[in-house]
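Scroll down for the structure; my scribbles are underneath it.
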Amino acid sequence: MKKIISVFIVLAGVLLMLPDTSSAIPAFARKYGFNCNMCHTAFTKLNDFGQRVRQHGYQIPGQEGFEKNVFATPIPLAMRTSMGLVVGGNDSTTTSSFNINGLDILAAGVLHKNISFLLIYTPRIDEPAGDYTGSNNGANPSQLGALESASLVFSNLVPDLLNVRVGRFEPAYHAISSKRIYYLISPFEIYAYGTGNNSFVFDDNQMGIEVTGNSRVGFHYAAGVVNGNGPNPDNNKGKDLYLTMHQIIGRGEGQSAGQRIGVFGYYGWQPTILDSLMGPMGENEGGGNKTFYRIGGDISLNWRTFNLRALFMQGIDDKALNPLDTADDYEFNGGLVELDWAGLYNNRLIASAMVNWVNPPCGDNDKQVLAYSALIRYNLGDWTAVNVALHAEYLHREIGKDNPFKDDIVALMLDFAF
Amino acid sequence: MDRLTFCTFLIFLFLPAWASAGDTSSPPLTAINVHSLGPEQVGNLPPVIVPVDNPQTSAKILLGKKLYFDTRLSADNTVSCATCHDPALGWSDAGPTSKGIKSQLGGRRAPPVVNAAYAPLQFWDGRAPTLEEQAKGPIANPIEMGNTHQVMINTLEGIQGYEDEFKAVFGTSPITLDQVAQAIAAYERTVVTTDSPFDRYVRGDQVAMTGLEKKGLEIFNGKGHCTACHWGGYFSDGRFHNLGVAPAPGATPDEGRYAITKNPPDMGAFKTPTVRDAAKRPPYLHNGTEKTLMTVIELYDRGGGTEAANLDPLMVPLGLSEKEMIALEAFMKRAMVSLNPSVADEKPIPASEFPK
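Respectively, the protein sequence lines represent chains F and R.
The first sequence begins at 23 in this note's numbering and counts up one residue at a time.
The second sequence begins at 4 in this note's numbering and counts up one residue at a time.
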């Protein structure tokens with residue numbers, strides 16, 4: 023029984039930590055007749071062209087108004103999932119399981135010149151079977167049904183300088199996006215790090231308004247007003263704010279060409295009291311709001327088909343949110359360094375290595391994280407708007423400082439989108 | 004409602020109007036030929052669209068062909084359309100820029116006539132909306148054919164053979180400039196290539212293209228970003244882009260499309276040429292500054308030329324490997340070259356067969 027519980031815990035842990043990689047939009051490739059590598063260095067990571075398309079509200083940059091809109095094309099639907107064998111082990115237990123790593127149903131398109139939309143729905147998935155049919159039948163789904171994104175983009179309100187995104191979206195403070203990475207089982211640990219009394223998750227999508235823009239000399243900015251996220255009430259009056267600024271050196275967007283350096287900051291509020299008052303949309307009113315912030319910097323360097331990118335982030339929660347010591351703020355930091363390489367014709371082969379770390383404050387050493395990951399992916403075929411990638415990934419993770427819990431996970435998966 | 008909430012409400016209210024501001028020229032969807040919008044998948048060429056006011060007839064096409072090769076349309080009987088749009092040179096010329104009357108050099112090289120029937124606008128800067136309008140231009144250009152339209156008409160009217168043929172084709176007399184342009188345009192609409200190895204491959208002939216050429220096509224439509232502009236059956240969007248191309252040594256900067264539209268983003272932008280038969284007509288770009296297909300590929304791989312002031316946002320460095328470049332070149336060098344003998348081997352009309 024103990025072994026079964028261990029297996030369950032490890033598998034559940036693996037499934038829960040699978041990054042929420044959702045954004046690959048073959049509907050666009052289908053619309054244009056493009057190969058996916060037009061916008062992606064390789065599925066799923068955006069290249070510079072794809073980044074500009076995204077920045078221009080999913081329109082071909084410089085060609086706004088001269089492409090078919092959503093009414094002149096087939097229904098712009100796309101889907102993405104990945105599946106395969108995940109083997110996990112630590113000092114005491116080894117598990118293996120065939121898994122489906124979520125399913126994303128995407129729709130995106132241009133409604134009118136400079137007005138576009140993106141919808142991402144993730145249906146509930148009750149697998150794995152052991153959880154689905156056992157005593158916890160359906161109680162621990164591997165994916166919750168959710169409207170992950172529902173946003174409208176108003177582009178070029180001031181040409182290049184002002185675009186507005188409204189709704190639920192991936193905020194721009196994810197300078198290194200966790201939605202469009204090659205890794206399937208290795209999260210950006212610093213993004214996923216949760217503090218004791220603050221349910222904010224850095225890389226969850228947000229609801230609100232975001233403005234973005236760029237100059238002709240490579241300066242990019244983004245700023246937003248959002249609810250904040252996490253399970254706590256998010257309709258408190260104090261909206262969260264963020265700002266990012268990046269400079270591109272050389273031609274490109276820093277994704278696959280040019281060099282990019284930037285800073286980001288997020289200033290948020292978390293309630294410490296759950297009031298019984300209801301907001302107009304049915305949420306509880308949160309009270310006793312306390313502040314927290316995340317600040318950091320990131321860099322992306324390119325040489326030939328190598329991309330080295332790194333991010334460092336410092337997090338500070340108000341002392342009222344500190345579960346260890348209410349006399350002090352809760353401070354932590356962490357980051358990641360990732361090196362990607364693309365090879366073979368049309369970047370069919372991808373190899374990558376990544377290190378992640380999180381340093382919690384003294385007293386919370388059990389949450390220290392050090393993780394090493396590596397992967398190799400091979401994209402099959404030359405198909406328009408269809409991607410099938412063979413994916414092999416290894417993750418070694420150590421959690422805790424003095425006597426760390428170590429686990430190793432190997433995933434052999436098929437990652438596909440159409 | 005506090006002030007912040009009210010402001011947010013107003014922003015929501017006016018965003019759509021703001022986004023579409025200045026867009027009053029956009030026609031309603033029902034009025035748009037959606038097939039003129041793109042990008043679209045590369046493929047076979049569709050049939051040529053013939054304007055209703057200039058229907059194709061055999062006699063008109065033949066008359067147009069004679070005019071196309073006839074140097075008597077120029078001021079000193081030395082330059083014909085074919086001088087700069089030579090079938091033997093991919094319907095362009097040896098370049099780098101074109102040489103007109105009295106050996107005067109133009110600032111741009113001659114765009115190819117082959118498949119020009121598919122271009123929505125003519126000339127590198129798109130100043131002519133139709134082939135008919137395009138055909139009139141060089142005749143009166145002082146450094147091309149150096150003539151005036153009236154003198155050219157007088158010349159043709161002085162040739163009995165032409166007078167008879169024009170009357171037979173158009174049923175009226177005297178000869179007009181529009182008739183000359185219509186006849187030349189009718190001929191040019193027959194200069195169409197539909198049978199390259201790529202076309203055969205698209206039609207299902209899996210061995211029409213080599214393995215290397217297939218890899219080249221994959222890169223053309225993927226990592227190479229070529230189909231961002233060179234799309235559809237015509238392998239061109241017919242639009243205007245600034246590639247950052249520097250003027251040739253000693254040449255003055257060319258305003259390109261801006262000279263026509265006065266729209267700042269058009270500064271230094273030139274029409275996307277078709278890739279079909281490109282291998283037959285080096286050198287490349289509007290000013291012929293790239294000598295080979297490979298140097299053109301290298302230009303794109305660098306993310307464009309050195310003139311970055313108004314670079315098209317589509318231009319980004321590509322990170323192509325040498326093997327990928329070779330595959331791309333192979334695709335364009337053979338797979339995109341037409342096998343239509345009537346077009347590829349078009350010979351000038353012998354002097355003895357011109358109307359007298």
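Think of the CB as a built atom: it goes at the ideal place given N, C-alpha and C, for glycine as much as any other residue.
Select from the region 42-53 of chain R all residues with a C-beta closer than 9 Å to any C-beta belonging to chain C, and list them in chain order. As a matter of chain content, chain C is missing from the structure shown, whose protein chains are F and R.
Assigned exposure category for V53/R - 16 Cβ within 10 Å defines buried: exposed
Three-state secondary structure (DSSP) of Q125/R: strand
Would you please state the rounded distance, in angstroms, between the beta carbons of E420/F and L392/F? I believe it to be under 8 Å. 5 Å
T234/F versus chain R: which residues are under 8 Å apart at the beta carbon? Under the 8 Å cutoff, chain R gives no residues; its nearest Cβ is about 14 Å from T234/F.
Buried or exposed, going by whether 16 or more other CB atoms sit within 10 Å of the CB of N220/F? buried
Three Cβ pairs or more, each shorter than 8 Å: is that satisfied between the region 165-183 of chain R and the region 63-70 of chain R? yes
Between I222/R and chain F, is the shortest Cβ-Cβ distance under 8 Å, so that the two count as touching? Judged by the 8 Å Cβ criterion, I222/R is in contact with chain F.
Quick one, which of A347/R, F243/R, W234/R, G259/R has its alpha-carbon nearest D280/R's? A347/R
What does the alpha-carbon distance come out to for the pair A93/F and P351/R? Correcting the residue type first, residue 93/F is Phe in the shown sequence and not Ala. Answer to the nearest angstrom: the Cα atoms are 48 Å apart.
Three-way DSSP call (helix, strand, coil) for N36/R in this model: The predicted position of N36/R is uncertain, since its pLDDT is 42 and thus under 50; a value taken from the coordinates is nonetheless stated next. Coil.
According to DSSP, simplified to helix, strand and coil, what is I207/F? I207/F: coil per DSSP, three-state reduction.
Should D70/F be flagged as near chain R, meaning a C-beta pair shorter than 8 Å? yes
Contacts around E211/F, its chain only, beta-carbon distance under 6 Å, and the 5 residues preceding and following it disregarded: N378, V380, V391, A393
Report buried or exposed for K105/R, applying the criterion of at least 16 other Cβ atoms within 10 angstroms of its Cβ. exposed
Confirm, please, whether the CB-CB distance from D226/F to N251/F is below 8 Å. yes
Closest residue to F314/F among D340/F, W325/F, L330/F (Cα-Cα distance): Nearest of D340/F, W325/F, L330/F to F314/F, Cα basis: D340/F.
Taking only the alpha-carbon atoms, compute the straight-line gap between S208/F and A330/R and give it to the nearest angstrom. 35 Å
Would you mind working out which of K294/R, E43/R, T275/R sits nearest G98/R, comparing C-alpha positions? K294/R
Given a cut-off of 8 Å on the beta-carbon distance, is the pair C58/F and V75/F in contact? no
Since L434/F and A414/F are thought to touch, with beta carbons under 8 Å apart, how far apart are those beta carbons, to the nearest angstrom? Their Cβ separation, rounded to whole angstroms, is 5 Å, which keeps L434/F and A414/F in contact under 8 Å.
To the nearest angstrom, how far is it from the Cα of T309/R to the Cα of I271/F? 15 Å
Residues in its own chain within less than 8 Å of Q85/F by CB, not counting five upstream and five downstream? Cβ within range, chain order: n/a, list empty.
Using C-beta distances below 6 Å, list every residue in its chain close to A373/F, excluding the 5 sequence neighbours before and after it, in chain order. If the five residues before and after A373/F are omitted, its C-beta is found closer than 6 Å to the C-beta atoms of W363, I398, all from its own chain and listed in chain order.
Own chain, CB closer than 6 Å to A342/F, minus 5 neighbours either side, in chain order: T294, K312
When you compare the CB positions of S239/R and T277/R, do they come within less than 8 Å of one another, or not? Yes, Cβ-Cβ distance for S239/R and T277/R is below 8 Å.
Tell me the residue span of the alpha helix (DSSP H) that contains T117/F. Here T117/F belongs to no alpha helix (DSSP H); instead the beta strand (DSSP E) covers 116-134.
Nearest residue (CA-CA) to P252/R, options P268/R, W234/R, R284/R, G291/R: It is G291/R.
My understanding is that V372/R touches V195/R, with C-beta atoms under 8 Å, so please give their C-beta distance in whole angstroms. This structure leaves residue 372/R out entirely; chain R is present only between 4 and 359.
Tell me, please, whether the CB atom of G167/F is closer than 8 Å to any CB atom in chain R? no
Assign Y190/R to one of three DSSP states: helix, strand, or coil. helix
On the DSSP bridge assignment, give the partners of I516/F in chain order. The displayed coordinates of chain F run from 23 to 440. Any statement about residue 516/F would go beyond what the structure contains.
8 Å Cβ cutoff, T264/R in contact with chain F: no
By DSSP's criteria, T266/F is part of a beta bridge. Which residues make up the other side? A244/F, F286/F
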